[in-house]
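These protein sequence lines map, in sequence, to chains A and B. In this text, residue positions in the first sequence follow our numbering: the first is 1, and each later residue adds one. In this text, residue positions in the second sequence follow our numbering: the first is 1, and each later residue adds one. We put the beta carbon where it would ideally sit given N, CA and C, even for glycine.
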Amino acid sequence: MYTVGQSVKRIDADAKVLGTAQFGDDERYPGMLYLKGVYAKYAHAKILSVDTSEAEKMPGVAIVVTAKDIPCEKMIGEIFIDQYVLADDKTRYLGDVVAVVAADTQDQANEAAKHVKVEYEPLPVLSDPRTAIGNEQVINPDYPDNICGGVHALKGDIDKAFAESDVIVESHFETGHVEHAYIEPEAVNAIPNPMRPEVTITGSLQAPYNLRISVHRCLGLPMSQIIIRPSAVGGSFGGKIETAEAMAVRAALVALKTGRPAHYKLTREESITESYKRHPITFDLKLGCDKEGHIKGLKVNALGDSGAYINMSPPVMYKTATLGPGPYRMDALDYDAVAVITNNVHTGSMRGFGTPQAIFAMENTMDMMAAKIGISPLEMRRRNLLQNGDVSPCGHLLDFHEVSIRSVMEKAVKEMDYERKYAEIMEENRDPKRRKRRGLGIATSMRGASIGADGNGFDVSRVLIEVMPDANVHVNIGLVEIGQGLRTAQAEMAAEGMGVPFDRVTMGETDTSRSPVTGACIASRGTMMGGAAIKDACIKIHKIIADACAAVYKKPVDDIVFENDRVRFADMDISFPEAVKACYDRNMTPMAVGTYFVPVTNWDGHTGEPFYTYTYSCHVAEVEVDLDCGTVEVLKMVGCHDPGRAVNPDAVKGQIYGGLTMAEGMALFEDLGLNRKDASLKNRNYENYIIPTAMDVPENVPIIDEHHDPRTAFGGRSMGEPATEPGAGAITCAVNMALGKPGYLTSLPFDLDKVFFAGQELFGEEA
Amino acid sequence: MKQTLSFTLNHKPYTIEADPCDRFLDVLRNDLSLRGTKEGCGVGECGACTIVINSNAVTSCLVLAGQADGADIMTVEGLSETEIGSVLQRCFIENGAVQCGFCTPGMLMSAYALLQHNPNPTREEIKEAIAGNLCRCTGYVPIVNSIEAAVKSLQS
Ligand code: FES
Ligand code: FES
Numbered sequence: 001m002y003t004v005g006q007s008v009k010r011i012d013a014d015a016k017v018l019g020t021a022q023f024g025d026d027e028r029y030p031g032m033l034y035l036k037g038v039y040a041k042y043a044h045a046k047i048l049s050v051d052t053s054e055a056e057k058m059p060g061v062a063i064v065v066t067a068k069d070i071p072c073e074k075m076i077g078e079i080f081i082d083q084y085v086l087a088d089d090k091t092r093y094l095g096d097v098v099a100v101v102a103a104d105t106q107d108q109a110n111e112a113a114k115h116v117k118v119e120y121e122p123l124p125v126l127s128d129p130r131t132a133i134g135n136e137q138v139i140n141p142d143y144p145d146n147i148c149g150g151v152h153a154l155k156g157d158i159d160k161a162f163a164e165s166d167v168i169v170e171s172h173f174e175t176g177h178v179e180h181a182y183i184e185p186e187a188v189n190a191i192p193n194p195m196r197p198e199v200t201i202t203g204s205l206q207a208p209y210n211l212r213i214s215v216h217r218c219l220g221l222p223m224s225q226i227i228i229r230p231s232a233v234g235g236s237f238g239g240k241i242e243t244a245e246a247m248a249v250r251a252a253l254v255a256l257k258t259g260r261p262a263h264y265k266l267t268r269e270e271s272i273t274e275s276y277k278r279h280p281i282t283f284d285l286k287l288g289c290d291k292e293g294h295i296k297g298l299k300v301n302a303l304g305d306s307g308a309y310i311n312m313s314p315p316v317m318y319k320t321a322t323l324g325p326g327p328y329r330m331d332a333l334d335y336d337a338v339a340v341i342t343n344n345v346h347t348g349s350m351r352g353f354g355t356p357q358a359i360f361a362m363e364n365t366m367d368m369m370a371a372k373i374g375i376s377p378l379e380m381r382r383r384n385l386l387q388n389g390d391v392s393p394c395g396h397l398l399d400f401h402e403v404s405i406r407s408v409m410e411k412a413v414k415e416m417d418y419e420r421k422y423a424e425i426m427e428e429n430r431d432p433k434r435r436k437r438r439g440l441g442i443a444t445s446m447r448g449a450s451i452g453a454d455g456n457g458f459d460v461s462r463v464l465i466e467v468m469p470d471a472n473v474h475v476n477i478g479l480v481e482i483g484q485g486l487r488t489a490q491a492e493m494a495a496e497g498m499g500v501p502f503d504r505v506t507m508g509e510t511d512t513s514r515s516p517v518t519g520a521c522i523a524s525r526g527t528m529m530g531g532a533a534i535k536d537a538c539i540k541i542h543k544i545i546a547d548a549c550a551a552v553y554k555k556p557v558d559d560i561v562f563e564n565d566r567v568r569f570a571d572m573d574i575s576f577p578e579a580v581k582a583c584y585d586r587n588m589t590p591m592a593v594g595t596y597f598v599p600v601t602n603w604d605g606h607t608g609e610p611f612y613t614y615t616y617s618c619h620v621a622e623v624e625v626d627l628d629c630g631t632v633e634v635l636k637m638v639g640c641h642d643p644g645r646a647v648n649p650d651a652v653k654g655q656i657y658g659g660l661t662m663a664e665g666m667a668l669f670e671d672l673g674l675n676r677k678d679a680s681l682k683n684r685n686y687e688n689y690i691i692p693t694a695m696d697v698p699e700n701v702p703i704i705d706e707h708h709d710p711r712t713a714f715g716g717r718s719m720g721e722p723a724t725e726p727g728a729g730a731i732t733c734a735v736n737m738a739l740g741k742p743g744y745l746t747s748l749p750f751d752l753d754k755v756f757f758a759g760q761e762l763f764g765e766e767a
Numbered sequence: 001m002k003q004t005l006s007f008t009l010n011h012k013p014y015t016i017e018a019d020p021c022d023r024f025l026d027v028l029r030n031d032l033s034l035r036g037t038k039e040g041c042g043v044g045e046c047g048a049c050t051i052v053i054n055s056n057a058v059t060s061c062l063v064l065a066g067q068a069d070g071a072d073i074m075t076v077e078g079l080s081e082t083e084i085g086s087v088l089q090r091c092f093i094e095n096g097a098v099q100c101g102f103c104t105p106g107m108l109m110s111a112y113a114l115l116q117h118n119p120n121p122t123r124e125e126i127k128e129a130i131a132g133n134l135c136r137c138t139g140y141v142p143i144v145n146s147i148e149a150a151v152k153s154l155q156s
């Protein structure tokens, strides 16, 4: 009996359907204060003065805090420490918070916040990354040209590759800001301990150990007295890290200064104003092929908008450059991705982390090339997909696992009935009078698992497992459940690793005072990294139990096996609880910290092994474009993925369904309405920021194509990001096919206006 | 100005003092400590705050407390005591409708109102009934499947 591979019931499902699951905003504490932030009036301005005196006198107000009240450092950040918890000398974007008011009720806090007086001296606003580079107006003095970093991936001789190419395609693509749009707006609580300088922080927190560092850095408490306990998290997708952290530091500051619990939630408008987004990236591509369509070389210049704070920009650019070329064979690569600081809303981790944009640009360019050569988009990909023993675009020899992308793509196109539909659509689209035109799109990806060589040596996970005297296996792990079902997958891996039934395993809530420090639940690393740490802890506990059994039963234990709740050694076959009892009888402790770190890979900053292992994916989309109204109806999407081994197949399918839908939103609707004059966002709630509803989503089909990965503990890899990354590429390729011109529309989203005008341009008005 | 308001909530009679201009969502979450009903947008667009008033699904962020006077109200906390509600809850779990769970109470209430009016909805009617409930995690297909499964289960 194996637990891994079973779709066991989610361990948090009951609480979530009963309405008893506690999210950050559901918590209430005696004497709690309600917080309200005062936002910047200008995206870029010197702060001349902040006068809180009037607000402080308003009814119910306990305190108003500003940057001056932060006792230690004023900035936070996961890698680059440049984000102001409270704006100090100047504002850098409209989501900067200048002061926070705390009052007995939310209404009182909201009212008093209006009475905080801030004097500004406006500075020029940089909102276009192209003009921000080298601009005399500098936003962060540490980066005098406003460029905050990037990666230049290189392989082979690009000039030679282009010289040897028969066909060259050059293209330009652009993407905009995309909101995570978790349905739960950020909410945190900070509860002071009356006995000692200690604070417990709860709420919508994706990266508890990073937050602990931030509180430590800004407020100076010892790490043990900063306890982070994420609540149920109402969706995150990479989004509840830095913003929620800044909020949590502000709340902790209020809690420590007043001795009262602080409750701080954002409205949707505040959340969209303040929280970081997916990077807008502009791409200039040049693709060279021989006359059969075999890729010789790819050159890309990508420019990402980092916004006001660096946040994750350089690592995002790392993934753009190393994963953007896709799972395609090529002799030469020259992929330069750079991020620029502007006064726009900052940009950071979001599911895919720089790849959905790059795949969108690459796959549309592949279709342009296919058209030029005279082969179908499917054939174009078939001729270029990587296989076992190939070298990846960045120079990684793929000889360590199954390079399954061909199998994955063929399963997806078969489910779509691609070849039949393609012939049919090409035929029907020959009619120039046709006003409803269908299209098909294919996009593929190879996702580097976890952080990659960019974090060589730092990619670690830890877990604490304790086997209780009743043989209950209790797991404390800091890789947070953010909705994807990770807790359940971890429990399945712990059951399998320990050799016990699933219901012996219990999962502690993540609590930094009980689970050892671990890297965050980001970068599609939760299952893979958590699984490997769990395996390590299980091996260590098995050793402890084996020693106890040897002592108690006086038998050799070198062949001991833990399986199906039995423990077998020598001629003994005892139950797991008996073996645990042996441990406690001997005063031994079946408890261990498991640690895993990704082996350092060979990467020189440009070429080599950018990741330890990869996940292969393919999305195929069928759309219908209505030329007369500009609407795009997605008729069907297929998402096929190789997760190595699906730890919980239903949960993997859940990721795929959700990922396909998120991709649809990015491809067709989602637009924050950035105004480049003042760097404001027009679409700050769901009446204007349109995400897909049940009416927009067709009967999508998720497919799992397993090829166990020898480089991971249970053969599995994480699926969070692969599930969405190729989708926007597939849909946009399909729209451009429907328009009869691969690569015609070039900037996301392909919304009503763009599609309508494209129709007018290409096919004229209604006959 | 507080007034006395009376209504039935989850089959129990309530009489409370509240400002009739308060949002009913806040009355539920703050005055009555029923925090299963969520707030995702505050403008009637996300459906996380959906409750059922007089058998209609409504977004409680747009309902004033005064409008609740005399009404028959259901929230997620009362669902498991009803047949339709408990079947829906079971089917949501079994069919992958729950990921982060933040949209779940509102989704369940929209589905509950639908099945009260229409015990045999088509897939299209199910989609329409939850069109006002945003979910960023599940891609909706598993939610529609769950409601369909509940319909089947209730009929047998
Ligand atoms: S909170 Fe009421 S509809 Fe969003
Ligand atoms: S389950 Fe997360 S929003 Fe629906």
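How about residue i and residue j: do their beta carbons lie closer than 8 Å?
i: ILE157 (chain B); j: LEU108 (chain B); result: The structure shown has nothing for residue 157 (chain B), since chain B only spans 1 to 156.
i: GLU184 (chain A); j: SER204 (chain A); result: yes
i: VAL771 (chain A); j: ALA738 (chain A); result: Nothing about residue 771 (chain A) can be reported from this structure: the residues present for chain A run from 1 to 767 only.
i: THR347 (chain A); j: HIS279 (chain A); result: yes
i: GLN387 (chain A); j: VAL403 (chain A); result: yes
i: ARG35 (chain B); j: VAL63 (chain B); result: no
i: LEU154 (chain B); j: ILE93 (chain B); result: no
i: ARG130 (chain A); j: ALA308 (chain A); result: no
i: ALA533 (chain A); j: GLN206 (chain A); result: no
i: THR47 (chain B); j: GLY96 (chain B); result: For the sequence presented, residue 47 (chain B) should be read as Gly rather than Thr. For GLY47 (chain B) and GLY96 (chain B), no; Cβs fall outside 8 Å.
How close, in whole Å, do the beta carbons of residue i and residue j come, if the pair is a contact with beta carbons under 8 Å?
i: MET719 (chain A); j: TYR614 (chain A); result: That belief does not hold up - the Cβ atoms of MET719 (chain A) and TYR614 (chain A) are roughly 13 Å apart, past 8 Å.
i: LYS74 (chain A); j: CYS218 (chain A); result: 7 Å
i: ALA592 (chain A); j: LYS540 (chain A); result: 4 Å
i: ALA694 (chain A); j: ALA131 (chain B); result: 5 Å
i: CYS733 (chain A); j: GLY441 (chain A); result: 3 Å
i: ALA358 (chain A); j: ALA302 (chain A); result: 7 Å
On a Cα-Cα basis, can you pick out the residue from the options that is closest to residue i?
i: TYR328 (chain A); options: A:HIS474, A:ALA443, A:PRO722, A:ARG568; result: A:ALA443
i: ASP459 (chain A); options: A:VAL500, A:MET468, A:ILE465, A:THR518; result: A:THR518
i: GLY531 (chain A); options: A:VAL557, A:ASN476, A:SER575, A:LYS543; result: A:ASN476
i: ILE310 (chain A); options: A:TYR418, A:MET368, A:TYR143; result: A:TYR143
i: MET195 (chain A); options: A:LYS57, A:GLY759, A:GLY259, A:ASP628; result: A:GLY259
i: PRO590 (chain A); options: A:ALA471, A:ALA663, A:TYR686; result: A:ALA471
i: ALA87 (chain A); options: A:ALA489, A:GLY176, A:ASP628, A:ALA43; result: A:ALA43
i: ASP604 (chain A); options: A:ASN675, A:PRO577, A:LYS155, A:LYS240; result: A:LYS155
i: PHE102 (chain B); options: A:SER231, A:TYR689, A:ILE534; result: A:SER231
i: GLY238 (chain A); options: A:MET362, A:THR175, A:GLY352; result: A:GLY352
i: ASP96 (chain A); options: A:GLN108, A:THR105, A:GLN83, A:SER214; result: A:GLN83
i: GLY809 (chain A); options: A:GLY508, A:ILE704, A:PRO325; result: Residue 809 (chain A) cannot be examined here, being either before or after the span of chain A that is shown, 1 to 767.
i: SER313 (chain A); options: A:VAL338, A:SER127, A:SER53; result: A:VAL338
i: PRO197 (chain A); options: A:ASP628, A:LEU253, A:ASN683; result: A:LEU253
Self-check item: Cβ-based contacts, 7 Å cut-off: residues of the segment 6 to 30 of chain B near chain A
Solution: The residues in question: there are none.
Quiz prompt | Touch test, the segment 509 to 518 of chain A against the segment 215 to 234 of chain A, Cβ-Cβ under 8 Å, three pairs minimum | solution = The segment 509 to 518 of chain A, when compared against the segment 215 to 234 of chain A, does touch it at the 8 Å Cβ threshold.
Exercise. Pair every Cβ in the segment 646 to 661 of chain A with every Cβ in the segment 713 to 729 of chain A, then say whether three or more of these pairs are closer than 8 Å.
Key: As far as the Cβ criterion goes, the segment 646 to 661 of chain A touches the segment 713 to 729 of chain A, which means the pair count is three or higher.
Practice problem: Could you name the residues of the segment 87 to 109 of chain B whose beta carbon sits closer than 7 Å to any beta carbon of chain A, in the order they occur along the chain? | Solution: Of all residues in the segment 87 to 109 of chain B, only GLN89, PHE92, ILE93, GLY96, VAL98, GLN99, CYS100, GLY101, PHE102, CYS103, THR104, PRO105, LEU108 come within less than 7 Å of chain A when Cβ atoms are compared, listed by chain position.
Quiz item: Per the contact definition of three or more C-beta pairs closer than 8 Å, is the segment 725 to 745 of chain A in contact with the segment 661 to 673 of chain A?
Solution: Yes, since at least three Cβ pairs between the segment 661 to 673 of chain A and the segment 725 to 745 of chain A fall closer than 8 Å, the two stretches touch.
Quiz item: Relative to chain B, which residues along the segment 469 to 488 of chain A have a C-beta separation below 8 Å, given in chain order?
Solution: Contacts with chain B (Cβ-Cβ distance below 8 Å) from the segment 469 to 488 of chain A involve ILE482, GLY483, GLN484, GLY485, listed in chain order.
Quiz item: Does the segment 295 to 304 of chain A touch the segment 110 to 128 of chain A, meaning 3 or more C-beta pairs lie closer than 8 Å?
Solution: Contact between the segment 110 to 128 of chain A and the segment 295 to 304 of chain A is absent, because fewer than three Cβ pairs lie under 8 Å.
Practice problem: Taking 8 Å as the threshold, find out whether the segment 166 to 173 of chain A comes into contact with the segment 131 to 151 of chain A through three or more Cβ pairs. | Solution: Result no; under three Cβ-Cβ pairs closer than 8 Å.
Quiz item: If you measure beta-carbon to beta-carbon, which residues of the segment 137 to 151 of chain B are closer than 9 Å to chain A?
Solution: With the criterion set as a beta carbon lying under 9 Å from some beta carbon of chain A, the members of the segment 137 to 151 of chain B are CYS137, THR138, GLY139, TYR140, VAL141, PRO142, ILE143, VAL144, in sequence order.
Quiz prompt | Contacting positions in the segment 698 to 712 of chain A - beta carbon closer than 7 Å to chain B | solution = Those residues of the segment 698 to 712 of chain A that come within reach of chain B (Cβ to Cβ, closer than 7 Å) are GLU699, ASN700.
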